[in-house]
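Worksheet for the structure shown next.
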Amino acid sequence: MRWAAVIAIAVLLALPAVLGSYAITVFIFIFFYAFLGQAWNIIGGYAGQLSVGHAAFVGLGAYTSAMLSIHAGLTPWIGMLVGGVVSAALGALIGYLGFRFGLRGFYFVLLTVAFAEIFRIIALNTDWVGGAQGLYITFTGDPRQFQFQDNRVYYYVSLGLMLLATGVVAWIERHRFGAYLVAIREDENACEALGVDTFRYKMLAIVVSAFLTGIGGTFYAFYLFSLQPNSVFGIPLSVEIVIRPIVGGSGTILGPILGSFILSPLAELSRTYFSQGGWTGMHLIVYGALLIGVVLFLPQGAYPALRRLLLRVRG
Amino acid sequence: MAPDARAGSLLDVRGLSKRFGGLQAVSDLSLAMAEGEMLGLIGPNGAGKTTVFNLVSGFLGPDKGEIRFGGRSIVGLKPHAICRQGLARTFQIVRPFPHLSVLDNVKVGALTRHANAREALEQARAVVARVGLAPKAAVAAGSLTLADRKRLEMARALATEPTLLLLDEVMAGLNATEIEAIVRLIAGINESGVSILLIEHNMRAVMALSHRIVVLSFGEKIAEGPPSAVASDARVIEAYLGEEYVHTAQA
């Protein structure tokens, strides 16, 4: 397992040498959405608290670092962390409201969606942050401003983010924190009876998840050089974040990565090809079909199924 | 029992009351347990036994009354904090983590005392062996038989290393052989120094195990004492069988 990981990372590090520019873009999307999926995985997969409002953290992180860069000249390398902290604070607020007042299942889903929507509407109607137009970042190609002439740098940055989040999840899984999160997902009352402070651990999970997701917001803004309320706070982005770990296997280390390797190229290709023939939004139909397939045939996601298959092949 | 004897007791419940809407589930209940004691809590269905457990373990807040554990008040504490003080419980309707293995289930309890995951796993392994589930350690808890689930429920609670263990009908639904085995297990746990508060409908078992018995009926304590005395108490017989049997039973 460890050797497989080392080889996989080595291959990914070497890959830009042979890839064309379009392929590199596809990989950037794979890594970036795997990173966001992995961040979501902590609260949504391991702790089983279904957030469908993670776009709120992306958007808040993106707006924070973009505003700091545009108005205060702060480098996004630091703005990224500030955005993460601001998102973590929002995560703490959502978590407090949801967990203190015992919102479970659909009610927690609605709470998270509502927060993302509130932020989208506020951003749309606040001229100070650009209103519906959003924010545009002037391209300078200056690495200190998180801007790179060479697409391959974004490749390595997004790969780094994915590995960072995966490392965090791997750490969590090996420690008490992870065992508690999984147990919370299974039965919260039983956890309480066994001495687990369920509130505290759910709060920790959502704060860590929101912090990482907020960091992702900076990457989003400074990779695309622009951000609009509908794209960074919108429900579609929240769905993009949730769907990869679910398809790949939520609550597993490799689930979000596998899910992103399956879905991101698919989304990117269908977006590129279908949009030319007036088929915009076709990738959403593909998502829908895939999700139905996963729910029907692989309810725990692709990774657990793949692992079973490998174990069987090995004997 | 003399008041000064109660002051030094492990568990001291005084004037405990809990009402659900129009139902007085527990009414002015007082009871005390000494260290090392096995106390049986019995009573007809709906007498309020499980409510007492929920109050003592912090899953419900009392309307009135005081609960002291190890000399300190635990009223208002969350269940996890009460567990950390050494008071663990099982649930009448077992609540295993169904997708986790037996060992991982018990590990969650062990982590309460051993923050290090590896140490917790060692502790969990020992507890799993102690309750006789070692051959099934790797099995998913959701696929266990009821008897094994009851054992698992006890194992998880034991893994938190309690000084007082609250067992809620761990024998219900088991056959005679399984009951015999679990009675031995409970006796062994008590002999190892863990005090036990036992809710049980199986009279033979509760009479054999308990040092003392408290009888609840409609939320009130109607009798308390050694098993033999309680079994022949007129109010107890009335509560269980109805007034007309009191005379027959005592004859």
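Same order as they appear, the protein sequences are chains E and A. Sequential numbering of the first sequence, starting at 1, is according to the working numbering. Sequential numbering of the second sequence, starting at 1, is according to the working numbering. Glycine included, every Cβ here is placed at the ideal spot set by N, Cα and C. The structure presented is a predicted model; accordingly, all values stated were derived computationally and were not measured.
For this session: Locate the alpha helix (DSSP H) running through residue 5 of chain E, then write down its first and last residues.
Result: 2-14
Problem set entry | Distance between beta carbons of residue 155 of chain E and residue 24 of chain E, contact taken as under 8 Å | 5 Å
Exercise. What residues from the region 175-198 of chain E come within 8 Å of chain A, judged by C-beta to C-beta, listed N to C?
Worked result: 175, 176, 179, 180, 182, 183, 186, 187, 189, 190, 191, 192, 193, 194, 195, 196, 197 and 198
For this session: Please go through the region 80-128 of chain A and give each complete alpha helix (DSSP H) segment of 4 or more residues, from N-terminal end onward.
Result: 102-110
Problem set entry | Interface partners of residue 109 of chain A on chain E, CB under 8 Å | 194 and 195
Problem set entry | N- and C-terminal bounds of the alpha helix (DSSP H) containing residue 202 of chain E | 198-224
Problem set entry | Reference residue 165 of chain A, options A:83, A:137, A:130 and A:116, closest by Cα | A:83
Problem set entry | alpha helix (DSSP H) runs contained entirely in the region 249-279 of chain E, provided each spans 4 or more residues | 255-274
Exercise. When DSSP labels each residue in this structure, what does residue 174 of chain E get in the three-state scheme?
Worked result: helix
Exercise. Does DSSP classify residue 66 of chain A as helix, strand or coil?
Worked result: strand
For this session: Output the distance between the C-alpha atoms of residue 208 of chain E and residue 202 of chain E, rounded to the nearest integer angstrom.
Result: 10 Å
Exercise. Can you give the Cα-Cα distance for residue 115 of chain A and residue 176 of chain E, rounded to whole angstroms?
Worked result: 6 Å
Exercise. Do residue 222 of chain A and residue 204 of chain A come within 8 Å of each other at the CB atom, strictly closer than that value?
Worked result: no
For this session: Could you tell me the boundaries of the beta strand (DSSP E) in which residue 18 of chain A lies?
Result: 11-20
Problem set entry | Interface residues of chain B facing residue 100 of chain A [CB-CB closer than 8 Å] | Although the question refers to chain B, the structure presented lacks it and instead comprises the protein chains E and A.
Exercise. Within 10 angstroms of its Cβ, does residue 295 of chain E collect 16 or more other Cβ (buried), or is it exposed?
Worked result: exposed
Problem set entry | 6 Å CB neighbourhood of residue 39 of chain E in its chain, flanking five on each side removed | 165, 209, 212 and 213
For this session: Please classify residue 165 of chain A: does DSSP put it in a helix, a strand, or coil?
Result: strand
Exercise. Counting Cβ pairs, one atom from each stretch, are 3 or more of them under 8 Å apart for the region 111-124 of chain E and the region 36-55 of chain E?
Worked result: yes
Exercise. Residue 229 of chain E and residue 145 of chain E: beta carbons closer than 8 Å?
Worked result: no
Problem set entry | Cβ-Cβ distance between residue 97 of chain A and residue 108 of chain A below 8 Å | yes
Exercise. Taking Cβ-Cβ distances shorter than 7 Å, what residues in chain E pair up with residue 79 of chain A?
Worked result: 192 and 193
Exercise. Using the beta-carbon count (16 or more within 10 Å), is residue 123 of chain A buried or exposed?
Worked result: buried
For this session: With DSSP as the reference, label residue 238 of chain E as helix, strand or coil.
Result: helix
Exercise. Excluding five sequence neighbours on each side, which residues of the same chain lie with their C-beta closer than 6 Å to the C-beta of residue 252 of chain A?
Worked result: This structure gives no information on residue 252 of chain A, because the portion of chain A shown stretches from 1 to 251.
For this session: Output the distance between the C-alpha atoms of residue 188 of chain E and residue 135 of chain E, rounded to the nearest integer angstrom.
Result: 42 Å
Problem set entry | Minimum length 4: unbroken alpha helix (DSSP H) runs contained in the region 63-140 of chain E | 76-100 and 106-124
Problem set entry | Extent of the continuous alpha helix (DSSP H) run through residue 41 of chain A | From DSSP, residue 41 of chain A is part of no alpha helix (DSSP H) but of the beta strand (DSSP E) over 38-42.
Exercise. Relative to the alpha-carbon of residue 258 of chain A, which residue among E:179, E:71, E:251 and E:91 has its alpha-carbon at the smallest distance?
Worked result: No statement about residue 258 of chain A is possible, as the shown extent of chain A runs from 1 to 251 and does not include it.
Exercise. Residues in its own chain within less than 7 Å of residue 253 of chain E by CB, not counting five upstream and five downstream?
Worked result: 166, 169, 170 and 173
Problem set entry | Proximal residues to residue 173 of chain A (C-beta, below 6 Å), its chain only, five neighbours per side dropped | 146
For this session: Indicate whether at least one CB of chain E lies closer than 8 Å to the CB of residue 117 of chain A.
Result: yes
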